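As structure tokens, the structure follows; a few thoughts come after it.
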Amino acid sequence: MIIYKGWGPLALLIPVATILIGIFFFGKNGNAGLELFLYCLLCSAPLVFITGLRLNRKSVHDLYFIPLQYWGIIWGVIAAAILIYKYIQGY
């Protein structure tokens with residue numbers, strides 16, 4: 001069950017759309033590796049953040065009681081942390 005208010009589902013839809021666009025343009029035969037997935041997620045983070053800031057001016061838009069703009073920060077931190085971990089480990 002998804003708990004949201006207003007345009008909260010955009011916190012999931014924007015990253016999914018960004019990942020699909022990344023697979024379309026940069027995937028090999030429609031496949032995506034972890035690195036492509038994480039870079040697309042990292043690129044979607046500012047989009048979610050800016051969208052959240054603009055939409056939350058007048059009313060509340062959240063997903064699982066977390067405002068939309070904070071989901072951009074969450075996606076960015078998760079993607080950056082995993083990318084840094086992978087580069088430290090050396091794949």
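If you read the sequence shown in full-length UniProt numbering, its first letter stands for residue 1, the second for the next number, and so on. Every residue, glycine too, gets a C-beta built ideally from N, C-alpha and C. What you are looking at is a predicted structure, and each value in this text was computed from that prediction instead of being measured.
- By the Cβ test, the region 65 to 77 is in contact with the region 6 to 21, since at least three Cβ pairs between them sit closer than 8 Å.
- Bridge partners of ILE66 according to DSSP: LEU63.
- Cβ neighbours of ALA32 within its own chain (closer than 6 Å, five residues either side excluded): ILE23.
- By a beta-carbon distance limit of 8 Å, PHE49 contacts GLN69. Their separation comes to about 5 Å.
- Membership of ARG54 in the alpha helix (DSSP H) is indicated by the continuous run 34 to 55.
- Separation of PHE65 and ASN56 (C-alpha to C-alpha, rounded to the nearest whole angstrom) is 13 Å.
- Rounded to the nearest whole angstrom, the C-alpha separation of ILE88 and ALA80 is 12 Å.
- Closest in alpha carbon position to TRP7, among ILE21, TYR85, LYS58 and CYS40, is LYS58.
- Per DSSP, reduced to three states, the secondary structure at LYS58 is coil, with no helix or strand assignment.
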